[in-house]
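So the sequences go chain by chain: B and V. Per our numbering, residue 1422 is the first one in the first sequence, and the count goes up by one each step. Per our numbering, residue 1293 is the first one in the second sequence, and the count goes up by one each step. Taking it in order: structure first as structure tokens, then the write-up.
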Amino acid sequence: MKTTYAKDMELFPIPLDKAGFVVVMVLAFFVIPLVSSHYMLVSIFIPFLVFSLAALGLNILTGYAGQLSLGHAGFMAVGAYATVVMYNRYDVPIPVALLGSGLITAAVGSVFGLPSLRIKGFYLAVSTLAAQLIIEWVITHVKWISGGVYSTIDIRALEFMGWQIDTAAEKYQFALIFVVIMAFFAKNVVRSRIGRAWMSIRDMDVASEIIGISQFKYKMLAFAVSSFYAGVAGGLLVAFYYGSANIEEFHLLVSFQILGMVIIGGMGSVLGSFLGAGFIVLLPIFINLTISFVNHRIVDLSKVFTLDLIANVENMIFGALIIFFLAVEPFGLARLWNTIKDYLRLWPFPY
Amino acid sequence: MSETLLFALELTISGLLVGLMYSLVALGFVLIYKASGVFNFAQGDMTFLAALALASFVVKIPLWISLIVVLAIMLILAMAVERIVLKPLVARPPLVLFMATIGVAFFLQGLAQGIWGTQPRGLELGLADQTYDVAGMFISNMDILGAVVAGILLIALVWFFQKTKTGRALRAVSDDHEAALAVGIPLRKAWGITWAIAGIVAIVAGALWGSRVGVQASLALLALKALPVLIIGGIDSIPGAILGGLIIGAAENLAEGLIGPAVGGGIKNFFPYLLALIVLAVRPYGLFGREIIERV
Chain B
1422 MKTTYAKDME LFPIPLDKAG FVVVMVLAFF VIPLVSSHYM LVSIFIPFLV
1472 FSLAALGLNI LTGYAGQLSL GHAGFMAVGA YATVVMYNRY DVPIPVALLG
1522 SGLITAAVGS VFGLPSLRIK GFYLAVSTLA AQLIIEWVIT HVKWISGGVY
1572 STIDIRALEF MGWQIDTAAE KYQFALIFVV IMAFFAKNVV RSRIGRAWMS
1622 IRDMDVASEI IGISQFKYKM LAFAVSSFYA GVAGGLLVAF YYGSANIEEF
1672 HLLVSFQILG MVIIGGMGSV LGSFLGAGFI VLLPIFINLT ISFVNHRIVD
1722 LSKVFTLDLI ANVENMIFGA LIIFFLAVEP FGLARLWNTI KDYLRLWPFP
1772 Y
Chain V
1293 MSETLLFALE LTISGLLVGL MYSLVALGFV LIYKASGVFN FAQGDMTFLA
1343 ALALASFVVK IPLWISLIVV LAIMLILAMA VERIVLKPLV ARPPLVLFMA
1393 TIGVAFFLQG LAQGIWGTQP RGLELGLADQ TYDVAGMFIS NMDILGAVVA
1443 GILLIALVWF FQKTKTGRAL RAVSDDHEAA LAVGIPLRKA WGITWAIAGI
1493 VAIVAGALWG SRVGVQASLA LLALKALPVL IIGGIDSIPG AILGGLIIGA
1543 AENLAEGLIG PAVGGGIKNF FPYLLALIVL AVRPYGLFGR EIIERV
């Protein structure tokens, strides 16, 4: 029985959850970097962390505040280039550079969020699409940012207060620290007054305005916080994953992928952002493994299907999954996880 | 006429003709929006699918048979979308439906390229590309054909939506799914019809686009240009889509030709969006769009 507000707002109402969280953290910080191969870290865990952060940012905007953005890859690009420029040219320590590029991205995001005060829904989607294209153009055409039309700049060797961050495990741990802190922050923001204001805007903006919630303040805040996350994710992506900032990596399709992560993971759920990102990062690897397994063990697929079909099956599955989750489980993997958890908690006496 | 003025005029004319193509794609968006309240992000990929299918059939069988085959494909597609995507999502928020169509877009792109390959193709409609010299400017017969087809489509669609009973029913559905169901409009049939019409528009747009610029995946992205067209014209207005397309086509061509060289070029990609943002600031529902009045 919950008798106090503090009790009601507890982060881990179930003791087992708290223990589980500690176990996950220990696993993530110490066991994974020890036991996983270089390949696993570089091609699964690091992208998973970075895209979780990006998905978390979009989830704050779309899942909590109800504002759609199709420009999140553009915001990531802003953060990516800001990080490289700050770290390479001005010797800003890498954590400061990451947070600073988050702030720059937040400013950019707020500017492109301004139309949300007058418009919503699809109109807003189109204006965030404009953000994506305008950012792409500015980055490729302003020489000071990208150094010309090819727009690729390598980041120099990572180093922080004498610590050379050069192995995959170190990069992973460094990124993990950022992700964990920012996930905690997000989890708490959405449970606060701000989060409740966002949800009221999402559920019915006219009504929330009438009860005195400033649409300007909270919509701008949502765009700022969301782009802050996207910016830091973009910076992490460049610093710890690609090793260079390249505008091609922040294509419009990436915006859709992040949106897909949010939908599949669960809109309006911090946990869902992680589940969705994990799902989307693993999906192509899983598909490739399945194809090669079937190829070797069962039947040579290239004899049954054309190569084109095999190459494009990923797009089809991605699209089908989005539709599937929207139709069947609109709250995504996060809700699925909660359902399972509740079932197990009450088992074997569900009544 | 001064040199710059003639140059500007030429840019405007060629821009207007490209703009007509934008209008055609935008028309598909407007149709589905008008009739079901769904913003169909997959319209671009439907156009791509139609163009790719047509391009691959037309080299083997006569044009008119391939057109019929593609028509059949689009009709089946419309029914499948209605059955698989829209039916489970009845009375859900428009944003959810929009995101579902993003899923459809991915699926269609994968499907089209999976079946017919990823190589760019040319699309020959058996029409020789001739250019006419009109008062010092060059206009191709493909452009004129496009203009005529777009005009016919426009008139037919306006008539359909304003004058026929089915058209009225579709407009009612777009207003409110549940209310339309309550007064006895068969919702699913209405959606099927809409998507079928949008499919036909996709064939026309795909054929005309494809014969001009070739058929490749970027066709679907090119269709994104239809989005600022919608913003400028108003998301639920058929004349708005046509006029918006013309404005965008002319404006982006003029911008690229006149401002482009000064800032390093490539502004054609985002200029329409910039224009759309400006229009949004002044008229949030576009030039012809219907203002949405919300109540608590």
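Backbone N, C-alpha and C fix where the C-beta goes; we use that ideal spot for every residue, glycine too. Predicted model only: the values in this text are computed from it and were never measured.
In whole angstroms, give me the CA-to-CA distance for residue 1468 of chain B and residue 1416 of chain V. Going by the C-alpha atoms only, they are around 44 Å apart.
Tell me, please, which residues DSSP counts as bridged to residue 1574 of chain B. Answer is B:1666, bridged to residue 1574 of chain B.
Where residue 1586 of chain B and residue 1492 of chain V are concerned, what is the direct C-alpha to C-alpha distance, given to the nearest angstrom? Distance from the CA of residue 1586 of chain B to the CA of residue 1492 of chain V, rounded to the nearest whole angstrom, comes to 57 Å.
Expressed to the nearest angstrom, what Euclidean distance is found between the alpha-carbon atoms of residue 1627 of chain B and residue 1635 of chain B? In this structure, the straight-line span from the alpha carbon of residue 1627 of chain B to that of residue 1635 of chain B is close to 11 Å.
Extent of the continuous alpha helix (DSSP H) to which residue 1626 of chain B belongs: Run containing residue 1626 of chain B: 1626 to 1631, per the alpha helix (DSSP H) assignment.
Would you list, in chain order, the members of the stretch 1329 to 1348 of chain V that have their beta-carbon closer than 8 Å to a beta-carbon of chain B? Those would be 1331, in chain order.
Using a C-beta to C-beta distance shorter than 9 Å, which residues of chain B count as neighbours of residue 1399 of chain V? Residues of chain B passing the Cβ test: 1736, 1737, 1738, 1739, 1740, 1741, 1743 and 1744.
Going by DSSP, what residues sit across from residue 1585 of chain B in a beta bridge? According to DSSP, residue pairing for residue 1585 of chain B in a beta bridge involves B:1580.
Taking 7 Å as the threshold (beta carbon to beta carbon), is residue 1581 of chain V in contact with chain B? At a cut-off of 7 Å between C-beta atoms, residue 1581 of chain V does not count as an interface residue with respect to chain B.
Give me whichever residues DSSP pairs with residue 1413 of chain V in a beta bridge. The partner list for residue 1413 of chain V (beta bridge, DSSP) reads V:1507.
Taking the alpha helix (DSSP H) that residue 1507 of chain B belongs to, which residues open and close that run? Run containing residue 1507 of chain B: 1493 to 1511, per the alpha helix (DSSP H) assignment.
When B:1553, B:1567 and B:1758 are compared against residue 1589 of chain V, the one with the closest alpha-carbon: In the structure displayed, chain V extends from 1293 to 1588; residue 1589 of chain V sits before or after that span and is not available.
Residue 1426 of chain B burial status per 10 Å Cβ neighbour count (16 or more: buried): By the beta-carbon neighbour count (other beta carbons within 10 angstroms, threshold 16), residue 1426 of chain B is exposed.
State the start and end residues of the unbroken alpha helix (DSSP H) segment that holds residue 1334 of chain V. Going by DSSP, residue 1334 of chain V is part of no alpha helix (DSSP H) at all; its letter is neither H nor E.
How many Å lie between residue 1525 of chain B and residue 1507 of chain B at the Cα? CA-to-CA, the gap between residue 1525 of chain B and residue 1507 of chain B works out to about 11 Å.
What first and last residue would you give for the alpha helix (DSSP H) that runs through residue 1391 of chain V? In this chain, the alpha helix (DSSP H) harbouring residue 1391 of chain V covers 1386 to 1408.
How close, in whole Å, do the beta carbons of residue 1339 of chain V and residue 1362 of chain V come, if the pair is a contact with beta carbons under 8 Å? Going by Cβ atoms, the distance from residue 1339 of chain V to residue 1362 of chain V rounds to 12 Å, so no, they are not a contact pair.
Quick one: what's got a C-beta closer than 6 Å to residue 1438 of chain B's C-beta in the same chain, skipping five residues either side? Nothing listed; no residue qualifies.
Give the interface partners of residue 1713 of chain B over in chain V, defined as CB-CB distance under 7 Å, in chain order. Going along chain V, no residue has its Cβ under 7 Å from residue 1713 of chain B, so there is no contact; the nearest lies around 18 Å.
Would residue 1534 of chain B and residue 1689 of chain B be called neighbours here (beta carbons separated by less than 7 Å)? No, they are not a contact pair.
Sequence-distant residues of its chain with Cβ nearer than 7 Å to residue 1550 of chain B (five each side left out): The residues 1491 and 1492, in chain order, have a CB closer than 7 Å to that of residue 1550 of chain B in the same chain once the five nearest residues on each side in sequence are set aside.
With DSSP as the reference, label residue 1467 of chain V as helix, strand or coil. Of the three classes helix, strand and coil, the one that applies to residue 1467 of chain V here is helix, per DSSP.
So residue 1397 of chain V and residue 1336 of chain V are in contact, right, with Cβ under 8 Å, and what is the actual spacing, rounded? Between residue 1397 of chain V and residue 1336 of chain V, the beta carbon gap of about 7 Å places them in contact (Cβ cut-off 8 Å).
Going by beta carbon distance, what residues of the same chain come within less than 8 Å of residue 1640 of chain B, once the five residues before and after it are set aside? Closer than 8 Å at the Cβ level, and outside the excluded window around residue 1640 of chain B, lie 1486, 1488, 1534, 1537, 1538 and 1622.
State yes or no: is the C-beta of residue 1519 of chain B within less than 7 Å of the C-beta of residue 1653 of chain B? Taking 7 Å as the Cβ cut-off, residue 1519 of chain B and residue 1653 of chain B qualify as a contacting pair.
Contact under 7 Å by Cβ, residue 1540 of chain V with residue 1520 of chain V: Cβ atoms of residue 1540 of chain V and residue 1520 of chain V: closer than 7 Å.
Just confirm the distance between the C-beta atoms of residue 1323 of chain V and residue 1486 of chain V, as a whole number of angstroms; I'd bet it's less than 8 Å. Taking C-beta atoms under 8 Å as the contact rule, residue 1323 of chain V and residue 1486 of chain V qualify, at a distance of about 6 Å.
Could you tell me which chain B residues have their CB closer than 8 Å to the CB of residue 1565 of chain V, listed as they occur along the chain? Chain-ordered, the chain B residues with CB closer than 8 Å to the CB of residue 1565 of chain V read 1547, 1548, 1550, 1551, 1554 and 1555.
The alpha helix (DSSP H) that contains residue 1366 of chain V, what's its start and end? It spans 1355 to 1372 - the alpha helix (DSSP H) in which residue 1366 of chain V sits, taken as one unbroken run.
Separation of residue 1525 of chain V from residue 1344 of chain V, as counted between CA atoms: Distance between the alpha carbons of residue 1344 of chain V and residue 1525 of chain V is about 28 Å.
Determine whether the Cβ of residue 1748 of chain B lies closer than 7 Å to any Cβ atom of chain V. Residue 1748 of chain B counts as touching chain V.
Under a CB-based cut-off of 7 Å, is residue 1391 of chain V close to chain B? It does: the Cβ of residue 1391 of chain V has a partner Cβ on chain B nearer than 7 Å.
Does residue 1791 of chain B get closer than 7 Å to chain V when you measure Cβ to Cβ? Since the displayed chain B opens at 1422 and closes at 1772, residue 1791 of chain B lies outside it and no answer follows.
Kindly indicate which three-state DSSP category residue 1425 of chain B falls into: helix, strand or coil? Residue state for residue 1425 of chain B is assigned as coil, using DSSP reduced to three classes.
In chain B, which residues lie less than 8 Å from residue 1600 of chain V when you measure between Cβ atoms? What is shown of chain V runs 1293 to 1588, which leaves residue 1600 of chain V out entirely.
Residues of chain V with CB closer than 9 Å to the CB of residue 1575 of chain B, please, in chain order. Those do not exist, as residue 1575 of chain B stays about 23 Å from chain V at its closest Cβ, beyond 9 Å.
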